[in-house]
Amino acid sequence: MSKLLRHHLFWPLTALVVLLAANALARPGFLSIGLRDGHLVGAPVEILRTSAPLLLIALGMTLVIATRGIDLSVGAVVAVSGAVALSHIASSPDPTSPTTAFTAVGIALALCLVLGVWNGFLVSVLGIQPIIATLILMTAGRGVAMLITGGMITTVTSPPYKSLGSGFTLGLPTAAVIAFGVFALVALVVRRTALGMLLEATGINPAASRLSGVRSRTLTWTVYAASGLFAGVAGVLISADTMAADANNAGLFIELDAILAVVIGGTALSGGKFNLSGTLVGVLVIATLERTVTVLGISPLVTPLFMALVVIAVTLLQSPAMRARLTAATRRRPPAPPADGAAPALQADAPTETEVKA
Amino acid sequence: MTTQTPPGPTTAVDTPVVELTGITVEFPAVRALDGVDFRLRAGEIHALMGENGAGKSTLIKALTGVHPIASGSVRVGGEEMRFSGPGDARAHGISTVYQEINLCENLTVAENIMLGAEPRRAGAIGWAAMRRQASAHLRRMGLDLDPASSLGSHSLAIQQLVAICRATVGECRVLILDEPTSSLDADEVERLFRVMRGLRDEGVAILFVSHFIDQVYAVSDRMTVLRNGRLVGEYRTAELPANDLVAHMIGRSMDVLEAVERVHEHTERDAAAPPLLQVVGLGRKGSVRPFDLDLYEGEVVGLAGLLGSGRTEVARLLTGADRPDAGYANLRGRRTRLRSPRAAMDHGIVYTSEDRKGEGVVEGLTVRDNIVLALQAGRGWMRPLPRRQVDELVSRYIDQLGIRPADPDALLRNLSGGNQQKVLLARWLATAPKLLVLDEPTRGIDVGAKAEIQKLVADLAADGMSVVFISAELEEVLRLSHRIAVMRDRQMVAEIDADGATMDEVVALIAGGGGQKDASQKDVAV
C-alpha cells in the first residue's frame, strides 16, 4: 500500500480518476464513447482533442525544466505560429489548396524553431536567467504576432488546414494524433537514447556534468529550441481549430497551464529528474478539469476558484512533506522512525522554550 | 584600551584582552576542539595557524559564540564571558571579518560602514551625518573613498578593507580576520597589512588567519598553532623558522618523517620516452603563475603544497577545467589546446575535482548513471551505450573497486564519501584515460577506502597510466609519487625526485620564505 502511495503517478492519477468519476456521476453518459461516420466521439475523445496543444507545450516545458530552466514565451510563440500560418494562407492566391496549408505550417514551424533557438541562445550562451530570457520573448512575441496580423484577427478558409484542428485520422481527432504522436516519439528518443540521462545530470549538477564532458550548453540550447518548435505545432493546432489568428488571445496563459501540468506530474521546478508520463497525466488532469467545469454547470464566476482549489489539493498531495506524513500514517506498525524520534524531541524542547520566555 | 604595546617583544606579564583556557567544543561524533588555550594581547597581530580541519574556524566561532563551548573559560579583559553570538561579541568589542565579504554590494560605502549604527534624528537616518562619520572612519584607516559611491563599484580588495572599516566602527578591542587575503593580489595585500599595522599601533588586538606562510611572517608578531583540534603551541614569529612551523602544522616530528614507506614500485621509466604531456609556461592571471611540467606514462607526479598554494589551480589548467591565458601544452609532442573539460577528455586527460559533492558526483542519479556519465557524454546522446555493455561495465567496476552497496540502482546520495569517490574514479577509469588528475581523492574518507584508493593509483601507474596526485597529506604524496612538484603562494617553486626526498626537504620547500633558501627559491624570486 505504502509503495503504491509513494509512486510518483499515484496522486495525479487519483485526481484524474476522481474528476472523471465526478463527471460520470453528474452526467451518466459521460464516459461512453460512440462511433459516428467512422470517427470516435464522446467526452473522453473531446478531452484528448482539447488537450493536444497543452500536451505539446508541456512536453517542451518538461525538458526545459529538467535543465533548471523555464520557458515563459510558449504562449507568445503559439500566437506567432498561428499568425504566420494564417497570414500566409490569407495572402496566397490559392488558400484552399493542400500545398498552401503545407507551406503555411512549414513556415510557421521554421519561425518558431528560430524563436526557440533565440531563447536557447540567451540562456545557454549569454547566461541570462531563463525566466528573464524567455520573458523577453513572452512580451515581444505577441508584438511580433500583432505586426504579422496587422492588428486584425485574421480569419481564413482552408479545409486542409482546418482538418489539422478538427479533422479525424484513423477515427481519432487529428490534433490528438499529432500531439500524442510527437509526445510518444520524444519520450522514446529521450529514454532510449542517452538524452534523458544527460539532461538530468545537467539539471542536477551542471558543474559536475561539465567536468564529465557533457556538452551542457548544447543540450540546454537544444531543449529551448525544441520547446519553441513544440509551441509552434501547438499554435498551428489552436489556430486550425478556430481558423482565426488572434495575436492577443491565442495561447494566453498556456505557459502557466503547462508549468502546472509539469508540477502536477511530479517534476520538480528545481530541475534534474523529470517525468514525462507524469506530465501526460498532468495535462489530462487540467483538460478534464476544464471539461468538468462545464459538465458540473459551475458558474463562470466561481470557475477560477474551483480550478484553483483542485490544483492546490493535487499539488499539496504531491509535496514531499505531505507524502512523508501519508506514508508514515499508512505504516502504523512498525511506527515510522521520524515520527518516533520527533515526539520526544518536541517534548524536550517545549519546556526550554517556556523557560526562555519566563 | 589604547595601551601602546611595542609590537615585537610582547611580554607574558601583560593581561591578555582575550584569554581562552581549556576550550573544548564538541560536535556530534567529533571533538572539534580539545582543551585549547589561546591568549590575545592588545596591540599585537596574532596568527592562528593550522591545516584544514585543525580547528581554526571552530576556535573563532567558539570565541564569538557561534558554537557552544562544552568546557573551558573565555575571559575578555580579565572578565569571564560567554557570548550568545557574533552580535553580542561585537557589542563587547570583538568584531569578525570573514573570508567571504558579508556586505551589501548594492548599498553605498557609507551605508555599509554605518549599517546598524546609523546616526538618527527623530527616528529618521541623518544621511549627511552618516556620510560624514563614514568618511571619518575611512580616513582613520587611510582609505580615500567616496562614501556615497556604491560598494559594488569597488574592487574586492577595497570591499575587504571596507568590511574591516565597518568592523572597527564603535568600540573595537579585538579584530578577527579570517582569511582576508585569499582573493587579493600582492599590492592589495600590502595595503591591507598597512591598515592592520595601523590598527595594531592604535592598540587593537588582531587575530589573523591565513594559509599564506609568507604573509603570516610578514605581518604577525606571534602565532598559535593548532592541529587536529589540539593546541601545539604559541610562538613568537621571529623565533620560529617557517619549516618548523609547517612541521608543527602537519604534525610529524622529523624522525617519523624519515620513516615514511613508499608503496610505488621503483620501476624506472624509459628515459628516452617523450613525455605524454608537456606544458610550458602554462598560467592564468589571478589563479596560478606560469609553470612548466612534464608528465610521463607510468609515472605518478605528486603536487605538494598548503591549501590555497595553487595545487588545484594547476590541476584545473592541465585538464581544461579552467582556460589558461599563458603558455601552451604539447600532447605527445603535438601542440594541443585544452579549451574545455570535454576537449581534454577527448585527448584522454581527465580530472576529479576536490569538491566531490559540488563538482564530482551527481547525487540525484544512480551509481550506474554516475559511472557511465563521462563515457556516454563522450559518445554523444545519440549513441547510447547498449544496456548489456553498461551493466557489464558497472558491475565490473563495482567489483574491482569494492563499491558498497553493490547496487547499480542505488542513488549516489545514499553512498558514503569513500564509495562516492570510488564511483567517481570508476567514471573516469571507464573512459580509459591516459592522464588521470586526482585532486584530493582521499579527503574525508575512511582509512580502509583511503588505502584502497592509494593502491589503485599505484596499480594504474604500473599499468602505464600517467597520474597527477594532489593531497593535503604530505605523507601520502611522498608515498605514492615518483616526482613531486611543490607549490607555494600560487607558484610552482620546485620539482624534485620523490625517491631521494625526505619529508623535511619537502616541508622546507613548502614553507620557503623563513626557511632555508635553496636554488629553486632564487629562481622564482623574480
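Taken in sequence, the protein lines are chains A and B.
Per my numbering, the very first residue in the first sequence carries number 4; after that it's consecutive.
Per my numbering, the very first residue in the second sequence carries number 32; after that it's consecutive.
Note that beta-carbon positions come from the ideal geometry of N, C-alpha and C, so glycine has one too.
Subject >> Cross-chain neighbours of SER212/A in chain B, by beta carbon under 9 Å >> reply: VAL393, LEU404, ALA408
Original post:
Would you say ARG320/B and ARG521/B are within 7 Å of each other, going by their C-beta atoms?
Top reply: yes
Original post:
How would you list, in chain order, the residues of chain A whose beta-carbon sits under 9 Å from the beta-carbon of GLY389/B?
Top reply: ASN208, ALA210, ALA211
Original post:
Taking Cβ to Cβ, would you say SER230/A is nearer than 7 Å to GLY78/A?
Top reply: no
Original post:
Can you round the beta-carbon distance between LEU90/B and ILE144/B to whole angstroms, since I take them to be within the 8 Å contact cut?
Top reply: About 27 Å separates the two Cβ atoms, so there is no contact after all.
Subject >> Residue span of the alpha helix (DSSP H) that contains ASP177/B, given as start and end >> reply: Where ASP177/B is concerned, there is no enclosing alpha helix (DSSP H), given that its DSSP letter is neither H nor E.
Original post:
My guess is that VAL140/B and SER180/B are in contact by the Cβ rule of under 8 Å, so how many angstroms apart are they, rounded?
Top reply: 6 Å
**OP:** Enumerate in chain order the residues of its own chain whose CB-to-CB distance from LEU320/A is below 6 Å, with the five nearest sequence positions on each side excluded.
**Re:** TRP14
Subject >> Residue burial classification, SER35/A (beta-carbon count within 10 angstroms, cutoff 16) >> reply: exposed
**OP:** Under 9 Å between beta-carbons, which chain B residues line up against GLU203/A? List them in chain order, please.
**Re:** VAL393, GLY395, LEU396, ASP400
Subject >> CB contact check: ALA197/A to chain B, cutoff 7 Å >> reply: yes
Subject >> Interface partners of PRO415/B on chain A, CB under 8 Å >> reply: ARG195, THR196, ALA197
Subject >> Beta-carbon contacts of ASP244/A that lie in its chain and below 8 Å, excluding the five residues immediately before and after >> reply: GLY168, SER169, ALA178
Subject >> SER184/B versus LEU192/B: straight-line alpha-carbon distance, rounded >> reply: 14 Å
**OP:** Look up GLU289/B in the DSSP assignment and say whether it is helix, strand or coil.
**Re:** At GLU289/B, the pLDDT of 37 sits below 50, so the modelled position is not reliable and the matter cannot be decided from this model.
Original post:
For a contact meaning CB atoms closer than 9 Å, what does TYR248/B contact in chain A?
Top reply: What TYR248/B touches in chain A: nothing, since even the nearest Cβ is about 36 Å away.
Original post:
GLY41/A touches chain B at which residues, Cβ-Cβ below 8 Å?
Top reply: Result: empty, since nearest Cβ-Cβ is about 40 Å, beyond 8 Å.
**OP:** Say whether chain B places a C-beta atom closer than 7 Å to the C-beta of VAL217/A.
**Re:** yes
**OP:** Report yes if the CB atom of LEU138/A is closer than 7 Å to the CB atom of LEU232/A, and no otherwise.
**Re:** no
Original post:
What three-state label does DSSP hand ALA489/B in the structure shown?
Top reply: helix
**OP:** Pick out the complete beta strand (DSSP E) segments inside the region 171-228 of chain B, 3 residues or longer, and give them in chain order.
**Re:** 205-209
Subject >> Proximal residues of chain B, C-beta to C-beta of MET200/A below 9 Å >> reply: LEU396, ASP400, VAL403, LEU404, GLN407, TRP412, PRO415
**OP:** Look at the Cβ atom of ARG30/A, then the Cβ atom of VAL298/A, and state whether they are nearer than 7 Å.
**Re:** yes
**OP:** Using 10 angstroms around the beta-carbon of LYS486/B, count the other beta-carbons present and answer buried if the total reaches 16, otherwise exposed.
**Re:** exposed
Original post:
CB-CB under 6 Å to ARG293/B, same chain, minus the five flanking residues each way: which ones, in chain order?
Top reply: Because the pLDDT of ARG293/B is 49, which lies under 50, any placement of that residue in the model is unreliable, and the question is left without a value.
**OP:** Identify which residue in SER302/A, VAL83/A, THR157/A, ILE73/A has its Cα closest to the Cα of ILE92/A.
**Re:** THR157/A
**OP:** Run down chain B in chain order and give the residues with a C-beta less than 9 Å from the C-beta of LYS276/A.
**Re:** GLY395, LEU396
Original post:
So with Cβ pairs under 7 Å, would you call ARG373/B a contact of chain A?
Top reply: yes
Original post:
Taking Cβ-Cβ distances shorter than 9 Å, what residues in chain A pair up with ARG458/B?
Top reply: SER215
**OP:** Output the residue ranges of the beta strand (DSSP E) runs that lie fully inside the region 327-382 of chain B and measure 3 residues or longer, sorted by chain position.
**Re:** 331-335, 357-362, 365-367
Original post:
Helix or strand or just coil, what does DSSP make of VAL235/B?
Top reply: coil
**OP:** On a CA-only basis, which of ASP528/B, LEU338/B, GLY409/B is nearest SER215/A? Give me that one, please.
**Re:** GLY409/B
Original post:
How many Å lie between GLU202/B and GLN164/B at the Cα?
Top reply: 14 Å
Subject >> Start-to-end residues for the alpha helix (DSSP H) that takes in GLU203/A >> reply: 198-207
**OP:** Check each candidate in LEU206/B, LEU455/B, SER384/B, MET523/B and name the one with the smallest Cα separation from LEU230/B.
**Re:** LEU206/B
**OP:** Would you decide whether LEU7/A is buried or exposed? Buried here means 16 or more other CB atoms lie within 10 Å of its CB.
**Re:** exposed
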